Amino acid sequence: MLIHNNANANSTYKGTLTLDTGHGNHKEDSPFLSSSDSASKRTDFYDKNLALFEEELDIRPKVSSLLSRLVNYTNVTQGAKEHEEAESADASRRQVPKSPNMGTLMGVYLPCLQNIFGVILFLRLTWIVGTAGVVQSFLIVLMCCSCTMLTAISMSAIATNGVVPAGGAYFMISRSLGPEFGGAVGLCFYLGTTFAAAMYILGAIEIFLKYLIPQAAIFHPADIHAGSGAMLNNMRVYGTICLTLMAVVVFVGVKYVNKLASLFLACVIISIVSIYAGAVKSIFHPPEFPICMLGNRTLVRDLFDVCGKTVLVGNETVPSQLWKNFCSSENSSSAHCDEYFLQNNVTEIPGIPGLASGIIKENMWGDYMEKGQILEKASRSSVDVHGSMETFGYYVSADIATSFTLLVGIFFPSATGIMAGSNRSGDLRDAQKSIPIGTILAITTTSLVYFSSVVLFGACIEGVVLRDKFGDAVRKYLVVGTLSWPSPWVIVIGSFFSTVGAGLQSLTGAPRLLQAIAKDNIIPFLRVFGHGKANGEPTWALLLTGLIAELGILIASLDMVAPILSMFFLMCYLFVNLACAVQTLLRTPNWRPRFRYYHWALSFLGMSMCLALMFISSWYYAIVAMGIAGMIYKYIEYQGAEKEWGDGIRGLSLSAARYSLLRLEAGPPHTKNWRPQLLVLLKLDEDLHVKYPRMLTFASQLKAGKGLTIVGSVIQGNFLECYGETQASEQAIKNMMEIERVKGFCQVVVTSKVREGIAHLIQSCGLGGMKHNTVVMGWPYGWRQSEDPRAWKTFINTVRCTTAAHLALMVPKNVSFYPSNHERFTDGYIDVWWIVHDGGMLMLLPFLLKQHKVWRKCKMRIFTVAQMDDNSIQMKKDLATFLYQLRLEAEVEVVEMHDSDISAYTYERTLMMEQRSQMLKQMRLSSAERDREAQLVKDRHSLIRMGSLYSDEEEETIEVLPEKNQMTWTSEKIEAERRNRSNAPENFRELISIKPDQSNVRRMHTAVKLNEVIVNKSHDARLVLLNMPGPPRNTEGDENYMEFLEVLTEGLERVLLVRGGGREVITIYS
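Per my numbering, the sequence shown starts with residue 11, numbered consecutively.
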């Protein structure tokens, strides 16, 4: 019964994993834990040997059940396999998944070969060898193949570090480097594959129109001097038709593409074999492909019949077709002939001298040409005179300007395609063994073919023929075809089919890659491309791929499209290397590849080579490609869904953070670097919502995204019982932080007393050098109305805690009136009342606030108070000088406070304050018995109450209540209680005759006088900053202290009470 349940749970699990992996959920963090289905279906029977663990078996499965799930786990298969099955009618009824059964040869080696060998080998490699020479061509091939080999080593390490589901390169990079890099590189890889489809189609059309059926051309040049515009238009028309047909084939059924894949691969292999056969045959019997030279210039062979100036017809020597081309009259008089034609002889040389001819010496070094330059054989002598421009069309000339860097960009696509094996990882019997072996063998094979081809082409074919891109000198034959055996048509037909096949493969792969990215849901605007037909075929993605490929086809030049494609592939390979290097250097615990022959240095070398090749082949394309990747990266960072894939970049961030924190430990920051690092103490209401969100608004305006902000709150209760509330309140605070754009951290603590919780936060928030230096807390509104003293006692206790910890303190009073982030003050003042100096916080805060757009237009005014014996004029001058040295712009005013008698109002306020204090004390004493009875009823430990930050729920006067449950009432105690009750009215009578304490009167006098001055000067200010007096050393006067603060700030709309932390925070020095 238990085994049956495990199997059920397992099948359910597989379904959820398949879904979640596609959408990038967190299942891969703990895929084999807490399966709710298995928990619901489990029986009460447990192994007697596991009795210790029986309570947790539903969330932590037995090893046996874990292993059974692991064995049955199958990852999502890549490619068209699942789509083929879905297309057949009975596929939906088939429940048993076919186990992957492809080996290294069929699953990795041959697909890689097919993807790597392509159009460049047949259409451009001879031209690259002729232009760059054997040595530099060898260097180009070496650079490109080394780059792909190093990338393959890095890729093998990543691919063998666990199971790689569908998505190949995209999946590997996104899971190694995070969603931002994954999305950016995934889209680069997608664009590369899409442009590859365009390049293959352009190659196929070039073969079709140049070598297969030239008569099919729709547009024809007006004359032989016309440029290649007509040919480009032909390419555009036929390319678009071909792309449409291919897209229809892919849309109708991928299975046809996959079935034809082996046929296309056979075409490639036969073509390559025919080149080697032709090269060997050329040792004994070189093929007959004569080239006609005029002096040292190469002539277009199909514009005349006989390679000579005259031809013998019967016994008469008559001008040849060539003569007629270069001369205006048909007689042999030289009056109207081209000067160069007259001065130089026409000769014929073999196009393919053969492997034994030693022609390789001439082809060793490069011959880069400008656009329109005529192909010349340097070793032949000629009389160098200017010919007429009218005869230019009869010579073979360069169609584009060439350089080493351009050739690198054109050749690189022929080294790409190394991801074909990793893309099929789902179909492999043992992916972790097959991918490294198959990919590295495929790259080795193709590299050897390229190296040998470079040497063979240089050793067998005449230099001018090699430089002749379209075979004009050899009667419009494909240049590689001239060398092949038994016939040039083998290569022409073989290369046509192989390029068509490669184009189909690209058009099949690219939409699936886009679909995988879209389904991961990291780029919101791509979401629509995750949908497809009922069988999962990516219809919308195919449509977009077709449109992007059409852009490549409209470029119409293979030589222009190839560097674009190189950029995107190089970008992708660069990040594969980076992923491997980062994981290796960070020594991530999960980094345990089966492939052992990798090293971070090799990955860095591969990364450097990719970057170098990008800028070598085309620096402006490289900048554009990096710009596109950068924009996608930033877009995902700001807009995309947040994913946690255990990526290496997160590990890198942790390492960097640790390093920086250790550096910060060296000591406190210099005064120049001091900025308020905030701990904002927030109050939550009963529904766990932030009570005063404007506290966060103020914090964000003060910080403007810089430095550290920690938002703390305290829940009263028992941590074991309040965990859910803690999580909920943390989430509520985080949501509010996001709304108010506060970049920082959140910490909620659970304690039995709120004041203890606040003390914990003040002491323990932050880490190392990243600790707060300033506490922001709200004013305890309604403390006067409340009979309960705990509201203001918690407040004063917090003030004392911050002072003891040498932290600065800010108390925004009337915080609800503070401006939101969307408001703008167009005028007004920020007034600073600088009464005592405690580190310069009062000067710094307005400056920081004015950095924010809300306060930017406000001006700063600084008021200071002069006593009778102060020289106010001199004070004003000194203050202005001080502000000038601080580089702060502010108006300065010195307010004189004359000694005056204590007013009756002050006396009355003090009296009222003390009477109220005494009365509340009496009321608290008389209500002690009522509270005692009520407390007995309460089950105080089961209540989870939201403690206000500024009220301690624990009654301090009745700390010993739990013990009084068993109280025995003796007659003496009852008598004492009665006496207490009868004394209560007398105590109230004493209140009337109370006389105020002189020190209290003095303090009240200061508060009243200061308040009068402040209200008089700053009644219209946008914000008033004020020194906050410290609490009295004697705790008896705490309540009076609250009254003084109230009187001091009375009649002001927005007040910020500031208390320095006991250190200088602003300096006049640079």
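Built from N, CA and C at the ideal position, the CB exists for glycine as well. In this text the structure is predicted, and so the values were computed from the model without any measurement.
* To do: Return helix, strand or coil for M1038, following the three-state DSSP convention.
  => For the purposes of this step, residue 1038 is identified with residue 1028 of the sequence shown, where counting begins at 1. Assigned with DSSP and collapsed to three states, M1038 falls in coil, not helix or strand.
* Contacts around I384, its chain only, beta-carbon distance under 6 Å, and the 5 residues preceding and following it disregarded -> Looking up residue 384 in the sequence shown gives position 374. Cβ neighbours of I384 beyond the five flanking positions: R307, Y405 and S407.
* **Cβ pair M256, G562 closer than 8 Å** => Along the sequence shown, one-based indexing puts residue 256 at 246. Along the sequence shown, one-based indexing puts residue 562 at 552. No, they are not a contact pair.
* Nonlocal neighbours in the same chain, by C-beta distance under 8 Å from D172, ignoring five residues either side -> On the sequence shown, position 162 is the one that residue 172 refers to. Reading off the sequence shown, one finds Gly at residue 172, where the question assumed Asp. For G172, where only same-chain residues beyond five positions count, the Cβ hits under 8 Å are N600.
* Asked: Who are the near neighbours of R522 in its chain, counting only those whose CB is closer than 7 Å to its CB and skipping five residues on each side?
  -> For the purposes of this step, residue 522 is identified with residue 512 of the sequence shown, where counting begins at 1. Close CB contacts of R522 within its chain, under the 7 Å cut and outside five residues either way in sequence, are with P548 (chain order).
* Asked: Given I725, which residues of its chain have a CB within under 7 Å of its CB, disregarding the five upstream and five downstream residues?
  -> Locating residue 725 in the sequence shown gives position 715, where the first residue counts as 1. C732, E735, T736, S739, V758, V760, M956 and G957.
* Between which two residues does the beta strand (DSSP E) containing K763 stretch? -> As a position in the sequence shown, residue 763 is number 753, starting the count at 1. In the DSSP assignment, K763 falls outside any beta strand (DSSP E) and carries neither an H nor an E.
* **Which of helix, strand or coil DSSP assigns to G1061** => As a working note, residue 1061 is residue 1051 in the sequence shown. In the structure shown, G1061 sits in coil (DSSP, three-state: anything other than H, G, I, E or B).
* Asked: Hey, how far is the Cα of L588 from the Cα of P603?
  -> Stepping through the sequence shown from its first residue, residue 588 is reached at position 578. Stepping through the sequence shown from its first residue, residue 603 is reached at position 593. Using only the alpha carbons, I get a separation of about 16 Å.
* Is the Cβ-Cβ distance between F218 and C582 less than 8 Å? -> Residue mapping note: residue 218 aligns to position 208 of the sequence shown, counting from 1. Residue mapping note: residue 582 aligns to position 572 of the sequence shown, counting from 1. No, the pair does not count as a contact, with Cβ atoms beyond the cut-off.
* Asked: Per DSSP, what kind of secondary structure is R1069 in: helix, strand or coil?
  -> By one-based count along the sequence shown, residue 1069 stands at place 1059. Three-state DSSP puts R1069 in a strand.
* Cα-Cα, which of I532, L253, S567 and G778 is closest to A240? -> What you label residue 240 is simply residue 230 of the sequence shown in a count that begins at 1. Closest in alpha carbon position to A240, among I532, L253, S567 and G778, is S567.
* Distance, Cα to Cα, L953 vs L859? -> Locating residue 953 in the sequence shown gives position 943, where the first residue counts as 1. Locating residue 859 in the sequence shown gives position 849, where the first residue counts as 1. Annotation note: pLDDT 41 at L953 (below 50); position unreliable, coordinate value reported separately. Spanning the two alpha carbons is a distance of roughly 42 Å.
* At which residue ranges does the stretch 623-655 contain complete alpha helix (DSSP H) runs of 4 or more residues, listed in the order of the chain? -> Annotation note: the stretch 623-655 contains the following uninterrupted alpha helix (DSSP H) runs of length 4 or greater, listed N- to C-terminal: 629-649.
* List the DSSP bridge partners of K869. => What you label residue 869 is simply residue 859 of the sequence shown in a count that begins at 1. Answer by DSSP bridge pairing, in chain order: Y839.
* Between the stretch 356-369 and the stretch 287-300, do at least 3 Cβ pairs fall closer than 8 Å? -> Two segments are said to touch when three or more pairs of C-beta atoms, one from each, lie closer than 8 Å; by this definition the stretch 356-369 touches the stretch 287-300.
* With which residues is E901 paired in a DSSP beta bridge? -> By 1-based counting over the sequence shown, the position of residue 901 is 891. Beta-bridge pairing links E901 to R871.
* Secondary structure, alpha helix (DSSP H): runs of 4+ residues fully inside the stretch 252-320 -> Segments of the alpha helix (DSSP H) lying fully in the stretch 252-320: 264-294.
* **Between the CA atoms of L115 and G143 - distance to the nearest angstrom** => The sequence position of residue 143 within the sequence shown is 133, counting from 1. The sequence position of residue 115 within the sequence shown is 105, counting from 1. The straight-line gap from Cα to Cα measures roughly 35 Å.
* DSSP state of S367, grouped into three classes? -> For the purposes of this step, residue 367 is taken as residue 357 along the sequence shown, with counting starting at 1. For S367, the three-state secondary structure derived from DSSP is coil.
* Output the distance between the C-alpha atoms of V634 and T204, rounded to the nearest integer angstrom. => Indexing the sequence shown from 1 puts residue 634 at position 624. Indexing the sequence shown from 1 puts residue 204 at position 194. Rounded to whole angstroms, the separation of the alpha carbons of T204 and V634 is 17 Å.
* Which residues in the same chain have their Cβ closer than 7 Å to the Cβ of N244, if we skip the five residues on either side of it in sequence? -> What you label residue 244 is simply residue 234 of the sequence shown in a count that begins at 1. Closer than 7 Å at Cβ, skipping near neighbours: L219, A227, I228 and F229.
* DSSP state of R193, grouped into three classes? -> Against the sequence shown, residue 193 aligns to sequence position 183. Strictly speaking, residue 193 in this sequence is Gly, with Arg absent from that position. For G193, the three-state secondary structure derived from DSSP is helix.
* A876 and E906 closer than 8 Å at C-beta -> In the sequence shown, residue 876 corresponds to position 866, counting from 1. In the sequence shown, residue 906 corresponds to position 896, counting from 1. For A876 and E906, yes; Cβs fall inside 8 Å.
* **Contact check, I845 vs T808, beta carbons under 8 Å** => Taking the first residue of the sequence shown as position 1, residue 845 is located at position 835. Taking the first residue of the sequence shown as position 1, residue 808 is located at position 798. No. Outside cutoff.
* Distance between I1024 and N1010 (C-alpha atoms, nearest Å) -> As a first step, residue 1010 must be located in the sequence shown, where it is residue number 1000. As a first step, residue 1024 must be located in the sequence shown, where it is residue number 1014. Rounded to the nearest angstrom, the two C-alpha atoms are 21 Å apart.
* To do: Classify E380 as buried or exposed, calling it buried when 16 or more other Cβ atoms lie within 10 Å of its own Cβ.
  => Position 370 of the sequence shown, counted from the first residue, corresponds to residue 380. Residue burial is scored here from C-beta neighbours: E380 has fewer than 16 other C-beta atoms within 10 angstroms and is therefore classed as exposed.
* Asked: Would DSSP call V721 helix, strand or coil?
  -> Here the question's residue 721 lines up with position 711 in the sequence shown. Here V721 sits in strand by DSSP.
* Asked: Within the chosen definition, does the stretch 811-829 reach the stretch 777-789 through at least 3 CB pairs nearer than 8 Å?
  -> Between the stretch 811-829 and the stretch 777-789 there are three or more C-beta pairs closer than 8 Å, enough to call the two in contact.
* **Nearest neighbour of I150, chosen from Y791, F805, Y460 and N1021 [CA to CA]** => As a working mapping, residue 150 is identified with position 140 in the sequence shown. Among Y791, F805, Y460 and N1021, the Cα nearest to that of I150 belongs to Y460.
* Mind checking P1041: buried by the 16 CB within 10 Å criterion, or exposed? -> On the sequence shown, position 1031 is the one that residue 1041 refers to. With 16 or more other Cβ atoms within 10 Å, it is buried.
* Asked: How would you call N1037, buried or exposed, if buried means at least 16 neighbouring beta carbons within 10 angstroms?
  -> Indexing the sequence shown from 1 puts residue 1037 at position 1027. With 16 or more other Cβ atoms within 10 Å, it is buried.
* **Straight-line Cα distance separating F274 from F351** => Mapped onto the sequence shown, residue 351 falls at position 341. Mapped onto the sequence shown, residue 274 falls at position 264. Take the alpha-carbon of F351 and the one of F274: they are about 47 Å apart.
* For I293, which residues from the same chain have a beta carbon less than 8 Å from its beta carbon, with the 5 sequence-adjacent residues on both sides left out? -> For this step, residue 293 is matched to residue 283 along the sequence shown. Cβ neighbours of I293 beyond the five flanking positions: G364, L365 and A366.
* Under a Cβ-count criterion, where at least 16 other Cβ atoms within 10 Å of its own Cβ denotes burial, should T1045 be classed as buried or exposed? -> By one-based count along the sequence shown, residue 1045 stands at place 1035. The residue in question, T1045, is exposed, as its Cβ has fewer than 16 Cβ neighbours within 10 Å.
* Leaving aside the five residues before and after A169 along the sequence, list all residues of the same chain whose C-beta is less than 6 Å from its C-beta, in chain order. => In the sequence shown, residue 169 corresponds to position 159, counting from 1. Exclusion of the five residues before and after A169 leaves S432 and I445 as the residues of its chain whose Cβ lies within less than 6 Å of its Cβ.
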